[in-house]
Every structure is written in C-alpha cells, then in structure tokens.
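Under UniProt numbering, the first residue of the sequence shown carries the number 1, and numbering increases by one thereafter. Note that beta-carbon positions come from the ideal geometry of N, C-alpha and C, so glycine has one too. This one's a predicted model, so the numbers in the text were calculated from it and none came from an experiment. Everything below concerns the one structure shown next.
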Amino acid sequence: MARRIILANPRGFCAGVDRAIQTVDTILRAAHGPRADGLPPVYVRRQIVHNRHVVEQLASRGAVFVEELDEVPHEAAAAGIPVVFSAHGVSPAVQREADRRGLAVVDATCPLVGKVHREVLRFVREGYEIVYIGHNGHDEAVGVVGESPEHVHLIEHASDVDGLDFAPDTKLVLLTQTTLSVDETADVIAALQRRFPWIELPPSSDICYATSNRQEAVKLVARQADCMVVVGSANSSNSVRLMEVANEALGARGEAHRVDDADEMDPSWFDGVESVGVSSGASVPDELVAGVVARLRGLGFTEVDAVETIQENMHFVLPKELRARR
Ligand code: SF4
C-alpha cells in the first residue's frame, strides 16, 4: 500500500488573519509604489499575524514593521502614513499613545479578540474580578489585560489556580485567550470551579471558531496517522496548540512536529511511517502547506487524502478606515 498524506480540513487562514493581511495589502496596493518623500506606505505595529513568511512577504512590498509606536517617525505622523495594529489587538495605553502622536491608525484587531476586550470592560463596569486564561507576554493577552490590569488576573495553567485568592463575596468571571487548547482549558476551568465554585463563565466561549475547528480536525487526522506535521511559526499560539493537540491524539504511536516550512522537515521523522497527517495554524498561507506536501511526496508519500470536520464560511469586513478605499 502507498504511503499516504492525510490533510486536515479546516486548516490555515482564519477570517481574522485574512482580514488583517488584506488590510495591509489594501494599503500597499493603494500606494502605487514608493513615495517621493522616502517614507514607507504603511507601518505595522508588531507582526500583523504570527507568521514569518507573511511578514517577510509584506515587508518585501514596502510595509515597515515596528515593535513600538515610538519607532514611527514624526514625519510619518505628519504625512498621515497609516499605522496598522495587528490582529492580536493592543492595550488602551497603545491606543492613547497613537492618539497623542496623531497617528493615522488602522485597527486590524480581529473582531473576536475585540469581543474579549469589550467583555473585560463590561464585567469591570459591573464590579467583577476577571480570571483570564492566557499566555503571559503574548500580544493578545497583553492587550486584554491592559484593559484593566488591576481587575484582570492572568493564569496559564491549572497549577496557577492555587496562586489566586478571592473572598467568597467577590463577583468572579472567567475569560480566555482566543487561541487556547480547548481540552487543556477545560482542565483549568475545572480547577477554577473546584476552588471558586461561584465563578461565572462567559455567555459563549472566548476560544474562537477557527481555533476549535482546527483542533477538532487535527485530532481526527492524528487518530488515523503515525506522525503529524503542523505548519506554523513558533510564536503562533494557535499553531503551537495544534501541535500539542496532535501529540496528545497520536499518543505513543508517533510524534507531531511544528515547522515554519518544508525546509525545516527532517526526513528521519518519517522512517517507518505509513501515514502522515498535515495541518496548519490560522496564520499560515496554504502555499506553505503545499510545499510540505510536495516534500512529503518526494519522500514517498504519494497518496493524498483529506479529512474534513466542518466547512467554514466566516468572513469579516475590512476595518472601517479602509472600507472607502476598496
Ligand atoms: S485565530 Fe480566531 S481570534 Fe485569532 S485572528 Fe483568527 S479568528 Fe481571530
């Protein structure tokens, strides 16, 4: 029997990533080449999405990526050069800094991340303390916690619950980062409910549709495979979670490997492997998956099947600052 590749569907771009990339692309296309004053057509604060290839490709077309707004020169503010906020969102402090500098912000924060920001504001207004499950230092978590640092208590793992202390009359609610592992988060929630039985859960999960759909698909594929390759960058939370979910589903049968692209694959991973599953994070262009599939074909995996768990039809309109430009 031929060695086979099993592709997970859905995989790759989600609606929030697509919108963020389209945002920068729309500005670049409208710029019609280099400016006479030597300024770039657009600045982007942080990686627009957590994928090295996407960032390099947009940078090659003229987008300038900065870590902080103070790297955007005054002349750019005066000339009205757009500054795009990434899909992961920003804290109010960053927005205030942009306002103070008079920067022409185009906010590409994913609407599903924006929803969590609004939940923080609403619950704080109603007198709640918020337990937020997220990754310390991740752009999305920094932005959400920044909405109300004194009332948002960030934890990462079930073991962190011991470090929390709330009186029984404290109004308590749970919110989460959008890209967590569904299963691992369930364990953390269980630990929280044991310690604080009155904690309230949000009306709908903050883990987004794209994260949970990709994890479901990867689980199904991993159960049929001897090994998994997950395409995605090391700083992409949802890609790393996908690899962890795949590893969990594979169990002792094999291992899941995360790669940025086909060049990072080690042929020895596939010694004795009959079926290799392939998926990709929500920030990963499908051409990178095509590269992985081509390399696997070269290693003798000539049959390609796909497993689909759900069809996605989510779409977000461009940020309001850009809608007039299209
Ligand atoms: S992974 Fe989810 S929250 Fe993040 S950009 Fe995509 S749709 Fe939005």
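1) Can you check the region 166-235 for any alpha helix (DSSP H) of at least 4 residues that lies completely inside it and give the ranges in chain order?
2) What do you get for S275, buried or exposed, if any count of 16 or more other CB atoms within 10 angstroms of its CB means buried?
3) Rounded to a whole number of angstroms, what is the C-alpha to C-alpha distance between A31 and A87?
4) By a C-beta neighbour count over all protein chains shown, 10 Å radius and 16 as the cutoff for buried, is H138 buried or exposed?
5) Assuming V120 contacts V152 (C-beta within less than 8 angstroms), just tell me the rounded distance between them.
6) Examine ligand 1 and report whether any of its heavy atoms sits within less than 6 angstroms of the Cβ of V124.
7) Measuring straight from C-alpha to C-alpha, what distance separates R61 and V24?
8) Report all residues from its chain with a CB closer than 7 angstroms to the CB of D37; omit the five preceding and five following residues, and keep chain order.
9) In whole angstroms, give me the CA-to-CA distance for I155 and D183.
10) If you count every other CB in all the chains shown that lies within 10 Å of the CB of V317, and 16 or more means buried, which is it?
11) Would you check if the distance between the CB atom of L28 and the CB atom of A76 is smaller than 7 angstroms?
12) Taking the C-alpha atoms as reference points, what is the distance between G146 and A190?
13) Specify whether the region 201-213 and the region 226-233 touch according to this definition: at least 3 beta carbon pairs, one from each stretch, less than 8 angstroms apart.
14) Looking at ligand 1, does it come within less than 6 angstroms of L112, judged from the CB to the closest heavy atom?
15) By how many angstroms is the C-alpha of R11 removed from the C-alpha of A210?
Put simply:
1) Annotation note: the region 166-235 contains the following uninterrupted alpha helix (DSSP H) runs of length 4 or greater, listed N- to C-terminal: 182-195 and 209-224.
2) Residue environment analysis places S275 among the buried positions, since at least 16 neighbouring C-beta atoms fall within 10 angstroms of its C-beta.
3) Taking the straight line joining both Cα atoms gives about 22 angstroms.
4) When all chains shown are included, H138 counts as buried.
5) Indeed, because the Cβ distance is near 6 angstroms, the residues count as touching under 8 angstroms.
6) Relative to ligand 1, the beta carbon of V124 is positioned no closer than 6 angstroms to any heavy atom.
7) Taking the CA atoms as reference points, R61 sits about 10 angstroms from V24.
8) So the qualifying residues of the chain are A79.
9) Approximately 16 angstroms, taken between the alpha carbons.
10) Label assigned to V317: exposed.
11) Contact: no.
12) C-alpha separation (whole angstroms): 26 angstroms.
13) With a cut-off of 8 angstroms, the region 226-233 and the region 201-213 do not count as touching, because too few Cβ pairs lie within range.
14) Yes.
15) Spanning the two alpha carbons is a distance of roughly 8 angstroms.
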